[in-house]
Amino acid sequence: MKKKSDGAVRNFAPIRFVLLCVAILLSMGLLLGRVAWLQIITPTNLVKQEDRRSLREVTTASPRGMITDREGRPLAVSVPVNAVWADPKTIVSKGGVGYNQRWQALAQTLHLSLATLAERVNSNPTGRFIYLARQISPQQAEWIDKLNLPGINLREESRRFYPAGHVAANLIGFTNIDGQGIEGIEKSFNAQLTGKPGSRLVRKDKFGHVIENITETNPVPAHELQLSIDERLQTVTEDALDNAVTWNKAESGAAVLVNIATGEILSMASFPDFNPNNREGAVLDDFRNRAISDTFEPGSTVKPLVIMTALQQGIVQPDSVIDTHPFNLDGHRIRDVGYYPELSLTGILQKSSDTGVSRLSLAMPVQRLLDTYKGFGFGQSTGLGLTGESSGLLPQRRYWSDLDRATFAFGYGLMVTPLQLAHVYATIGSFGIYRPLSITRIDPPVVGTRVMPAELVHQVEHMMESVALPGGGGTKAAVRDYRVAVKTGTAKKIGDDGKYVDKYVAYTAGVAPASDPQFALVVVINNPQNGSYYGGAVSAPVFSQIMGDVLRLENVKPDGMPADSDHLLVMHGNRLSSPSL
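Written out as structure tokens, the structure is:
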């Protein structure tokens with residue numbers, strides 16, 4: 025029995041050895057097979073896994089395009105800043121937000137408590153991206169980078185800065201925190217001002233440091249935008265408008281200055297305004313560009329167009345005299361502020377006679393006046409492409425009562441914006457050539473369309489000079505050493521119920537110098553509440569101040585020679601025989 029047992033032991037040892045060798049060989053075979061599978065047959069899987077762990081795409085920002093005035097002065101620029109973002113999953117895996125000095129330094133730099141910082145990170149512990157702060161300064165970014173905290177990263181971005189502050193703010197608008205325009209020019213020209221960001225494919229080590237740049241796509245730069253605005257003229261326009269609105273305790277105001285030869289907008293002001301660099305305390309209404317969005321009935325500022333139309337239709341001659349006695353129409357009294365039994369065409373403008381233009385309007389088909397209003401730009405967009413621009417309202421009725429036709433001649437029954445009114449007066453200043461307006465700088469010559477015979481418009485423009493001369497309703501619009509052709513206006517406002525209320529809009533519109541018009545200016549003061557509300561008292565002084573500053577800043581030669589008195593005095597004689605006049 026003992027011998028048999030010894031033999032069994034001796035036989036078992038080689039078997040175990042063989043099994044062990046087979047197991048080792050099988051293991052080695054499996055390992056070699058796995059290596060071969062990974063390295064030879066499917067090596068790309070390893071590469072992909074490694075790339076997922078180490079490759080990152082980094083966005084390269086493309087700065088937003090700069091906005092400048094016509095002389096290249098910066099109005100909106102982008103300054104480089106940084107955003108701080110966190111990778112919560114990485115932070116949690118590294119122990120979370122700690123109470124050491126580095127985490128405390130980060131919280132202090134971001135003006136957060138350590139508890140708030142930890143709460144924001146832990147709100148989504150498996151997330152890979154949350155913003156901690158936007159638009160921090162380069163100095164703050166450098167300090168945070170030196171802290172070398174796990175899961176805390178920096179991202180390049182830019183912040184919009186407006187060097188001129190509130191100047192042209194209602195026109196230029198502003199961007200949101202992501203650099204997208206949300207008001208004004210910034211919104212209207214957002215596509216042009218926005219470039220295409222670039223990208224870099226980089227390899228990072230386990231600490232997040234870039235160890236290799238793989239590929240790079242350069243950003244496509246944005247376009248710069250050069251406006252037609254002149255910052256100097258914009259400033260003087262805003263200063264005069266702001267002071268006038270404040271002094272007259274008015275609700276708001278707007279002013280537009282146009283280069284007559286090119287149609288370029290040289291200044292466009294609104295009040296209330298705001299500072300786009302610090303909008304704290306501003307309300308939504310402060311952001312409105314009232315020059316393009318607010319509509320009013322234009323009042324007496326349309327009277328030059330009525331006289332042009334009457335002359336064009338042959339109803340009157342330049343030396344005609346009109347019966348301007350008050351009269352009744354459809355149960356309403358048509359009368360003037362003063363009593364004038366008869367007035368020349370010049371006198372109708374000089375005294376702003378409602379009865380005079382009413383008789384002219386009643387003597388011709390209403391469509392003729394509608395055609396003139398439309399030809400000069402009422403009832404249609406100016407084509408500037410600005411977001412929020414109103415087209416106003418030019419009525420198209422099947423039936424017009426005599427009262428409708430009469431009041432239509434002194435600016436009731438239609439709605440216009442200050443910009444549209446400025447366009448009309450620029451067309452008057454170009455003696456009947458309607459040129460498109462532009463908010464960007466353009467070079468002359470600018471082709472226009474003739475909408476009224478030049479000689480006829482020149483005659484009416486000459487008559488308009490009487491308004492700012494002694495005896496006229498707009499003497500406060502006069503500019504020392506220069507001739508101006510102006511028309512003041514006052515219109516009642518419509519209340520929420522659609523009825524007229526005891527609130528007014530004061531206008532002054534005109535061109536200068538009258539001998540060779542270069543600039544058209546419109547000033548609108550909405551709801552003045554400091555006593556007077558007439559355009560000749562409220563908006564006319566603002567016109568005088570702005571136009572005077574503009575003419576002197578632009579070094580325009582004075583033309584203050586006395587105009588032809590035969591046309592600028594109220595004339596008598598050659599009474600029309602037509603019973604309707």
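Quick note: my numbering has the sequence shown finishing at residue 605, numbered continuously throughout. C-beta: ideal position from N, C-alpha, C; glycine also. Just so we're clear, the structure is a prediction, and the values are computed from it rather than from any experiment.
Between residue 329 and residue 543, which are expected to be in contact by the criterion C-beta below 8 Å, what is the C-beta distance as a whole number of angstroms?
Not really, about 20 Å apart at Cβ, beyond 8 Å.
I'd like the list of long-range same chain contacts for residue 472, defined as Cβ closer than 6 Å, with 5 residues on each side in sequence excluded.
Closer than 6 Å at Cβ, skipping near neighbours: 457, 458, 459.
Does residue 351 come out as helix, strand or coil in the three-state DSSP assignment?
Of the three classes helix, strand and coil, the one that applies to residue 351 here is strand, per DSSP.
Which stretch, first to last residue, makes up the alpha helix (DSSP H) that contains residue 397?
390-399 is the span of the alpha helix (DSSP H), which, as asked, contains residue 397.
Just checking my contact of residue 615 with residue 136 at CB under 8 Å: how many whole Å lie between their CB atoms?
Summary: the structure shown does not reach residue 615, with the chain confined to residues 25 through 605, and so no result is reported for it.
Residue 415 and residue 405 look like a contact to me (Cβ under 8 Å); what is the Cβ gap, rounded to whole Å?
Sure, about 5 Å apart at Cβ, within 8 Å.
Name the residue from 172, 302, 384, 402 whose alpha carbon lies nearest to the alpha carbon of residue 201.
Nearest of 172, 302, 384, 402 to residue 201, Cα basis: 302.
I'd like the span of the beta strand (DSSP E) that includes residue 179, first residue to last.
Here the beta strand (DSSP E) through residue 179 covers 176-185.
In whole angstroms, what is the alpha-carbon distance linking residue 343 and residue 371?
Spanning the two alpha carbons is a distance of roughly 11 Å.
Counting along the chain, where does the beta strand (DSSP E) carrying residue 528 start and finish?
Residues 524-536.
May I have the straight-line CA-CA distance separating residue 412 from residue 356, to the nearest angstrom?
Going from the Cα of residue 412 to the Cα of residue 356 covers about 37 Å.
How about the stretch 289-300 and the stretch 245-261: do they share at least three Cβ pairs that are nearer than 8 Å?
Segments in contact, yes.
With burial defined as no fewer than 16 other Cβ atoms inside 10 Å of the residue's Cβ, what is the status of residue 155: buried or exposed?
Exposed, since its Cβ has fewer than 16 Cβ neighbours within 10 Å.
Report yes or no: do three or more beta-carbon pairs, one from the stretch 333-349 and one from the stretch 303-321, lie closer than 8 Å?
At 8 Å Cβ cutoff, the stretches do not touch.
Is the Cβ-Cβ distance between residue 545 and residue 463 less than 8 Å?
For residue 545 and residue 463, no; Cβs fall outside 8 Å.
Once you ignore the five residues that flank residue 39 on each side, which residues in its own chain have a CB closer than 7 Å to its CB?
Correct list: empty, nothing qualifies.
DSSP three-state call for residue 109: helix, strand or coil?
Strand.
Residues in the same chain with beta-carbon distance under 7 Å from residue 568, minus the five sequence neighbours each way, listed in chain order, please.
Within the same chain, residue 568 has close Cβ partners 500, 501, 502, 503.
I need the straight-line Cα distance from residue 41 to residue 48, nearest angstrom please.
The alpha-carbon atoms of residue 41 and residue 48 are separated by roughly 10 Å.
Please state the DSSP three-state secondary structure of residue 474.
If DSSP states are grouped into helix, strand and coil, residue 474 belongs with the strands.
List the residues that DSSP assigns as beta-bridge partners of residue 582.
Answer is none; residue 582 lacks a bridge partner.
At 3 residues or longer, what runs of the beta strand (DSSP E) sit wholly inside the stretch 254-325?
Segments of the beta strand (DSSP E) lying fully in the stretch 254-325: 276-283, 289-295.
Applying the 10 Å Cβ sphere with the 16-neighbour rule, what's the burial state of residue 482?
Exposed: under 16 other Cβ atoms inside 10 Å.
DSSP three-state call for residue 337: helix, strand or coil?
DSSP places residue 337 in coil when its eight states are reduced to three.
If you reduce the DSSP assignment to three classes, tell me which class residue 18 lands in.
With the chain covering only 25 through 605, there is no way to say anything about residue 18.
Can you say whether residue 270 is buried or exposed, counting buried as having 16 or more other CB atoms within 10 angstroms of its CB?
That one is exposed.
Residue 487 by DSSP, collapsed to three states: which one?
Residue state, collapsed to three classes: helix.
Is the Cβ-Cβ distance between residue 418 and residue 394 less than 8 Å?
Yes; because the gap between Cβ atoms is below 8 Å, this pair is in contact.
Compare the Cα-Cα distances from residue 452 to each of 429, 115, 476, 490 and report the closest residue.
Ranking 429, 115, 476, 490 by Cα distance to residue 452 puts 476 first.
Within 10 angstroms of its Cβ, does residue 24 collect 16 or more other Cβ (buried), or is it exposed?
Outside the displayed range of the chain (25 to 605) lies residue 24, so it cannot be described from this structure.
Can you name the residues that DSSP bridges to residue 503?
Residue 503 is bridged to 506.
For the stretch 155-168 and the stretch 98-107, state whether three or more C-beta atom pairs, one from each stretch, are separated by less than 8 Å.
Yes: the two stretches touch, three or more of their Cβ pairs being nearer than 8 Å.
Which of the three DSSP states, helix, strand or coil, is assigned to residue 408?
Three-state DSSP puts residue 408 in coil, outside helix and strand.
Can you tell me the Cβ-Cβ gap for residue 577 and residue 506, rounded? I've got them flagged as a contact below 8 Å.
Contact doesn't hold; Cβ gap of about 13 Å is too wide.
For residue 401, count neighbouring C-beta atoms within 10 Å of its own C-beta (all shown protein chains included) and say buried if the count is 16 or more, exposed if not.
Residue 401 is buried by the Cβ-count criterion.
Considering only C-alpha positions, which residue in the set 518, 531, 148, 495 is nearest to residue 512?
The shortest C-alpha separation from residue 512 is found at 531.
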